[in-house]
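In full-length UniProt numbering, the protein residues as written are 1 to 319.
Glycine is no exception: its CB is placed at the ideal position from the N, C-alpha and C atoms.
It should be emphasised that the depicted structure is a prediction, and the values quoted were computed from it without experimental measurement.
Shown next, in C-alpha cells, is the structure this report addresses.
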C-alpha cells in the first residue's frame with residue numbers, strides 16, 4: 001500500500017501512522033478520504049485493501065458484497081461526523097436513507113399484497129406499519145452490531161448515538177438504498193427475504209394494532225362517563241434511552257399504569273390496563289344485579305291463572 005494511501009487511512013481512523021493496520025480500528029468500512037476529487041479512486045483502493053486483510057464482517061452479516069464499496073461507506077456516515085471533520089466531497093447517509101425508505105415500503109407492500117390476498121387494505125396497512133417500524137428495523141440492526149460501524153461525531157458518540165434507535169433505523173434504510181444503487185431491486189428483495197420477511201408472522205403477532213387510548217375514550221363516551229386523565233408518574237434513564245411511566249386516572253382513582261420509551265407508548269399500555277379494569281367492573285356489577293333479582297312468587301292464584309290461559313290457548317287451537 002502506498003504511503004499516501006496509508007496516511008489517508010490513519011487520518012480517518014485517528015491512529016498513529018506507525019501503528020496503521022487492518023486490526024487497529026473498527027474495521028474495513030471506515031474508509032473516507034480527505035483528498036481532492038481527482039484522488040477519489042484512492043477510497044476504493046483503501047477499501048479493497050482493508051476488505052482483503054481484515055475480512056467482511058458487516059458484509060457477511062448483510063449477506064451482500066458491494067461492487068462499489070463507496071456506497072456502503074456513505075451509508076454509515078452520520079451528519080455529526082462530517083460536522084466534526086469538515087470533510088469536503090462527502091455527504092451523510094440521509095439521501096441514501098430517503099431512497100432506502102421508499103424501496104423498503106414498496107417491497108414490503110408488494111410482499112404483503114401477494115402473501116395475504118384475502119386481507120383488506122386496512123389490515124395490510126397496519127401490518128406494514130409494524131414491519132417497517134423503527135422497533136423492527138433497529139432489532140435487526142443490533143443483530144449486526146451495526147452501531148459499531150457507524151461514523152458519528154464525538155458528541156453524538158458520547159451521548160450514546162451508536163445505540164440510538166433513530167440512527168440505527170436510518171442506517172438500515174441507507175444500507176438498503178445503497179444496495180439498490182449498487183445492484184437492483186431484485187437484490188433488495190433478496191436482502192429483505194433474508195432479514196425481514198421470515199419474521200413477518202412473529203412481528204405481526206407480537207404487535208398490537210389496537211389504539212387503546214381511543215378504545216378507552218369510546219368506551220367512556222358510550223356510557224356517558226367523564227373522560228379519563230393521563231398523568232406522568234416518572235421519567236428516568238439517559239437522554240437517548242428514556243423510560244416514561246404514566247397512569248390513567250378516573251375520579252381520583254388509578255385505573256392503569258404503563259411504561260414505555262415514549263409518553264405515547266406508556267399511555268397506550270396504561271389505557272389497555274384501564275380498559276380491561278373498567279370492563280371487569282362492569283361485568284361484576286351486571287352479575288351482582290342478576291343475583292339480586294328476586295324470582296316471582298308462585299301462588300295458587302297464579303297457578304290457576306296459568307292453567308286457565310293454557311286452556312284458552314288449546315281451545316283456540318282446536319278451532
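Using a Cβ-Cβ cutoff of less than 6 Å, which residues in the same chain neighbour residue i once the five nearest sequence positions on both sides are dropped?
i	result
residue 2	With a pLDDT of 49 at residue 2, under the threshold of 50, the modelled position of this residue cannot be trusted; read the value that follows with caution. So the list is empty, once near-sequence residues are dropped.
residue 100	173, 174, 176, 177
residue 161	152, 167
Within 10 angstroms of the Cβ of residue i, are there 16 or more other Cβ atoms? Answer buried if so, exposed if not.
i	result
residue 69	buried
residue 326	Any question about residue 326 goes unanswered here, given that the chain covers just 1 to 319.
residue 298	exposed
residue 141	buried
residue 313	exposed
residue 247	buried
residue 24	With a pLDDT of 36 at residue 24, under the threshold of 50, the predicted position of this residue should be treated as unreliable, though the coordinate-derived value follows. Exposed.
residue 306	exposed
residue 75	buried
residue 304	exposed
residue 121	exposed
Keeping to the same chain, check which residues put their C-beta closer than 7 Å to that of residue i; ignore five residues upstream and five downstream.
i	result
residue 190	none
residue 219	275, 278
residue 71	178, 181, 182
residue 105	132
residue 61	144
residue 227	217, 220
residue 203	130, 131, 136
residue 107	188, 189, 192
residue 156	78, 80
residue 109	128
Just the Cα atoms here: how many angstroms apart are residue i and residue j?
i	j	result
residue 262	residue 139	17 Å
residue 301	residue 279	43 Å
residue 165	residue 292	56 Å
residue 236	residue 259	11 Å
residue 169	residue 135	8 Å
residue 249	residue 231	7 Å
residue 63	residue 195	9 Å
residue 222	residue 213	14 Å
residue 288	residue 282	10 Å
residue 285	residue 225	16 Å
residue 66	residue 119	37 Å
residue 73	residue 197	26 Å
residue 124	residue 254	36 Å
residue 245	residue 186	44 Å
residue 308	residue 316	13 Å
residue 264	residue 117	32 Å
Closest to residue i by C-alpha separation, out of the options, would be which residue?
i	options	result
residue 79	253, 150, 216	150
residue 199	74, 216, 111	111
residue 159	243, 239, 270	239
residue 270	217, 224, 141	217
residue 83	257, 92, 246	92
residue 252	229, 289, 266	229
residue 128	60, 113, 225	113
residue 95	60, 108, 77, 306	77
residue 233	75, 215, 267, 120	267
residue 171	120, 119, 98	98
residue 184	117, 122, 103	103
residue 147	123, 225, 58	58
residue 241	153, 75, 163	163
residue 152	115, 123, 81	81
residue 256	121, 315, 273	273
residue 201	115, 75, 315, 316	115
For residue i, verify whether its CB is less than 7 Å away from any heavy atom of the ligand PLP.
i	result
residue 304	What this structure holds is no ligand at all, so the ligand PLP is not there to describe.
Could you name the residues of the same chain whose beta carbon sits closer than 8 Å to that of residue i, not counting the 5 residues immediately before and after it, in chain order?
i	result
residue 215	271, 275
residue 211	268
| In chain order, which continuous runs of the beta strand (DSSP E) of length 3 or greater are located wholly inside the UniProt domain "DRBM" (211-280)? | 229-236, 243-250, 253-260
| message | Suppose only complete runs of 4+ residues qualify. What are the alpha helix (DSSP H) ranges in the region 151-192, listed by chain order? | response | 154-158, 165-182
| task | Could you tell me which uninterrupted alpha helix (DSSP H) segments, each at least 4 residues in length, are contained entirely in the region 53-123, listed from first to last along the chain? | result | 57-62, 69-75, 79-85, 94-115
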